[in-house]
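In the numbering used here, the protein residues as written are 368 to 1103. We put the CB at the ideal spot given by N, CA and C, even for glycine. For reference, the structure is listed below as structure tokens.
What follows is the structure, encoded as structure tokens:
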């Protein structure tokens, strides 16, 4: 697709959303043709549209325009989107193999320098053939679209892997990754290349746990002959760039990349970047002026040799660092030989059928021998941590390790004379519960952090109660930081559900809560005598269609929530789903069950607090983007990144691992129009006729105002009402 076609499609999208009228669109198109400026740029320059609104619309347009075939590669699905390009899972038609197909944004392609950078990445990658560097398969142009086909790496990146361990990798695993990186960096060094943007998110991991360096868009020859950025320009990621790179010096060589690997190792074992600040410039300034902090200030249990290695790689003077990647690799191997080896190597694999917002394809551990299987019958094996024979240690490293060990011994002996501090107690529903490393091996390259990591703000605090039994209708079952989960599969479509054990919750809202309605929200203590599995996200159009064979939705997309259905149709869906469960009883959640899951142990108006602004990052609601697009409406004071419906699980989960209970699409539930008794047990769990009244909860992407999206709110649409902003999630009852 040409840039011209993209501009035309953008204007058509604006017309369809009534953001422009036809005379405006024609005038802007005419100006674009005369000046060569994109319609998007004209709209922003003339103050007709905010830049963030343009960006959101472009994302929507790109999703709708996913190409079928580009340069001999058949596109399967979107894997991810960055500032310059979108990456798709594709199949090379001639050989039948799957690749990562990187398509440059048409708007970026209009910039000759950006185009040259894109092509240069291909040229750089083509000069290196090494098992620890992402390999390039093809590059070209098809119908005006620049593309690059790359080796498909299915295990996510190092940042996502660390997120599975709540931000900190086990020391031995981090060292293993860095050894692989040093090998790949040696290949770049042999090709006289400097990467210039090494960081955890640019270290990709294969299905069997091997690290590969990727994203060579900033790489250049060591002599600077192909340099595109002038001296004095900041190039790279400030938190991981060397002082000479942060200072814009012209003499950036392989030792700068060695520094970046040291900063990367620091981040992987310490759970934070070496330098932090309020802006990229502030971080770069610290890299220029401050010595790297000792990682043991954050990770006291880190071995002395690893700490010394990190500090040497991050020396301000490049002459004091390791001088070649091979030198670094040897030191890493020595550190690995002395590191604790109590953790097993984490392994991920690819799923060619999972989108970034899908639940990760899980595995379950079968038996005590450590054999691993999954719903996709993929051959994953649990491997012990690799051990390496330590080469002869350098004298400086041995001496440094001995001296540091002596210092630590003195500190330990001194600390034993002090009275130990009491450990803080954690309440059952505390939002600061001790993090539990997930036991699931996950395959999604983008959902690892979202689905397993404990996000900032709301912390994972799984519901306290009895463990669920093995569910015969589940295609997979496991446990992670948020608690127990299962996967059900119907005609190839999957849905993940999370366990709510028997327990007690307070439902409703206090009279002083803004928006409180006494007729339906009086406080009630509800006991649940049974456990249940509630879908962690709204029912997608893909899953609805797999069960019913049709899709009634107004806004369409496989990963979008199903919409334009009545409550009776939603209940009929759950009855039809039961035929796939072999006796499992699927239904809509009751308002009490829904609210219990939404609150996730909290007692505030929203799962994230009493201030609606706390929902930023957690809920797709009527925000500033949508207000800017429609020029009217009571918007909420933040931007969530979406104007309309978002793919399910696009934002953060609550403390129990549920997505989008606030916002995105409102959700039908079983309810009657009155408050619950002040104390009750198992209220309204049967989908009887009286329950089918069309009540819904949570608010939607177009919900104006904060009151309707509160956890306790219970709006009503009627039994026959069907809207593009109302859908549902379903529940499967556990044993009674």
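The alpha-carbon of residue 923 is positioned some 38 Å away from that of residue 577. Here residue 840 is near residue 951, since their CB atoms are less than 7 Å apart. In the structure shown, residue 642 adopts coil according to DSSP, grouped into three states. The count of Cβ pairs closer than 8 Å, one atom from the segment 886-899 and one from the segment 1036-1051, reaches three, so the stretches are in contact.
Around the C-beta of residue 1081, 16 or more other C-beta atoms lie within 10 Å, and the residue is accordingly described as buried.
Taking every protein chain shown into account, the CB of residue 972 has 16 or more other CB atoms within 10 angstroms, so this residue is buried. In this structure, the alpha-carbon of residue 518 lies about 43 Å from that of residue 1070.
A residue is called buried once 16 or more other Cβ atoms fall within 10 Å of its Cβ, and residue 949, having fewer, is exposed. For residue 544, the enclosing alpha helix (DSSP H) has its first and last residue at 538-557. According to the DSSP assignment, residue 965 belongs to the alpha helix (DSSP H) that extends over 958-966. Exclusion of the five residues before and after residue 829 leaves 849 and 850 as the residues of its chain whose Cβ lies within less than 6 Å of its Cβ.
Between the alpha carbons of residue 470 and residue 505 lies a gap of roughly 12 Å.
A distance below 7 Å separates the beta carbons of residue 1097 and residue 902. With distances taken between CA atoms, residue 1077 lies nearest to 974 out of 678, 535, 477 and 974. Shown here, residue 865 sits in a strand according to DSSP, grouped into three states.
Between residue 522 and residue 574, the C-beta spacing is below 7 Å. Secondary structure note for residue 480: its alpha helix (DSSP H) is the uninterrupted segment 479-493.
When the beta-carbon positions are compared, residue 1061 and residue 929 stay at least 7 Å from each other. In this model, residue 426 and residue 926 are separated by some 15 Å (Cα to Cα). Out of 515, 873 and 1091, the CA that lies nearest to the CA of residue 958 is found in 873.
In the three-state reduction of the DSSP assignment, residue 497 falls in the coil class, being assigned neither a helical nor a strand state. Assignment of residue 376 by DSSP, reduced to helix, strand and coil, places it in the helix class. Of the residues assessed, residue 1020 falls on the buried side of the cut-off, its CB having 16 or more other CB atoms within 10 angstroms. Within a 10 Å sphere around the beta-carbon of residue 1083 sit fewer than 16 other beta-carbons, which makes this residue exposed. Of the candidates 883, 1091, 1075 and 562, the residue whose Cα lies closest to the Cα of residue 491 is 562. In this structure, 909 is the residue among 565, 414, 909 and 543 with its C-alpha nearest to the C-alpha of residue 1014. Look at residue 953 here: in three-state DSSP terms it is strand.
Looking at the DSSP output, residue 1048 shares a beta bridge with 894. Comparing alpha carbon positions, the residue from 502, 473 and 686 closest to residue 611 is 686. Membership of residue 854 in any alpha helix (DSSP H) is not indicated; the residue belongs instead to the beta strand (DSSP E) covering 850-857. Rounded to whole angstroms, residue 668 and residue 538 show a C-alpha spacing of 9 Å. Taking 4 residues as the shortest admissible run, the segment 657-700 contains the following complete alpha helix (DSSP H) segments, listed from N- to C-terminal end: 671-680. Counted as a single uninterrupted DSSP element, the stretch harbouring residue 1063 is not any alpha helix (DSSP H) but the beta strand (DSSP E) occupying residues 1062-1064. Among the bridge pairs identified by DSSP, residue 925 is matched with none.
Note that the C-beta distance between residue 1089 and residue 931 is below 7 Å.
In the three-state reduction of the DSSP assignment, residue 915 falls in the helix class, which pools H, G and I.
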